[in-house]
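Peer 1: Take a look at the following structure, please.
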Amino acid sequence: MESIVISIGGSVLFSDEINEDFFIQLDQLLQKQITKYRIYLIIGGGKKARKLIHQGREQGLPEEKLDEIGIKVTRENAKKITMKIKNSNKIIPESTNQAKNLDEKIVIMGGTTPGHSTDMVGAELAEKTNALKFIIATNVDGVYDKDPNKYPDAIQIKEITIKNLIYEYGTDWRTAGRNVVIDGPALKIIEKAKIPTYVLNGKKLEELEKALNNEQFNGTIIKI
Ligand code: UTP
């Protein structure tokens, strides 16, 4: 069975606007998909990870330690999501190889090792499972020319080549808790493995469903 990898930001799943109905709808949407695909869901750290990383940085903890703090939160978040999604694993894998070897139709995990965000975990899993597509479900409607949370006149980019994205953002890991749409190490894998990648707003489940069903959706297509 072919696979699809979805990376969902903690800022999407653990924000104030999200309620139980959202998780019921997410579950229903995923249950429909598993008749066709194996689904891998990678869960981010969100506000909680950023807060703890910020506190740790103020205490002078080294970057690697800060990443570890972030990873712990992503795994706790993943654990919470497995409770809400049927046909999913209940023990959280700690590496993409472990995830790949699980039998559940929906495999949910968080972070793996320091030095990147959960987007890179998703890209790595997409590469290893030869995924049909990689969907980055973030808290804005795709990639913009500047941060739409800061600049109301930011313009949404409908399509961008992976080369241009890399030119714009680079492929390095910057620092823990830095909130960019896609982190550099993930871009590197997407380019190398030529993974069809889509960026959309994870709070808009109808857009996620359209992207999963190969329909036109509101978001950004990364051309590889
Ligand atoms: P996230 O993937 O959540 O980062 O990991 P994010 O970009 O802030 O995403 P949102 O807010 O969920 O959308 C949180 C932090 O955990 C560490 C990094 O420091 C990252 O910034 N992390 C996560 C790792 O070091 N390795 C991982 O595999 C995952």
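Residue numbers (my numbering): -10 to 213. The beta-carbon is built from N, C-alpha and C at its ideal position, and this holds for glycine as well.
#1: Compute the Euclidean distance between the alpha carbons of Ile155 and Ile146, then round it to the nearest angstrom.
#2: Rounded to whole angstroms, what's the CA-CA distance from Arg39 to Gly(-2)? Just pull it up for me.
#3: Starting from the Cα of Asp56, find the closest Cα among Glu65, Gly49, Ile42, Phe12 and give me that residue.
#4: Among residues of its own chain, excluding the 5 on either side of Trp162, which ones have a beta-carbon nearer than 7 Å to its beta-carbon?
#5: Using 10 angstroms around the beta-carbon of Glu148, count the other beta-carbons present and answer buried if the total reaches 16, otherwise exposed.
#6: Shortest alpha-carbon distance to Gly45 belongs to which of Lys177, Gly59, Ile23?
#7: From the DSSP output, in three-state form, read off Val62 for me.
#8: Note down, in chain order, each residue of its chain lying with its Cβ closer than 7 Å to the Cβ of Leu176, except the 5 sequence neighbours on either side.
#9: Alpha helix (DSSP H) containing Lys37: first to last residue?
Peer 2: Let me lay it out:
#1: 15 Å
#2: 12 Å
#3: Ile42
#4: Gly104, His105, Asp172, Gly173, Pro174
#5: exposed
#6: Gly59
#7: helix
#8: Ile151, Leu154, Ile155, Tyr158, Thr160
#9: 35 to 47
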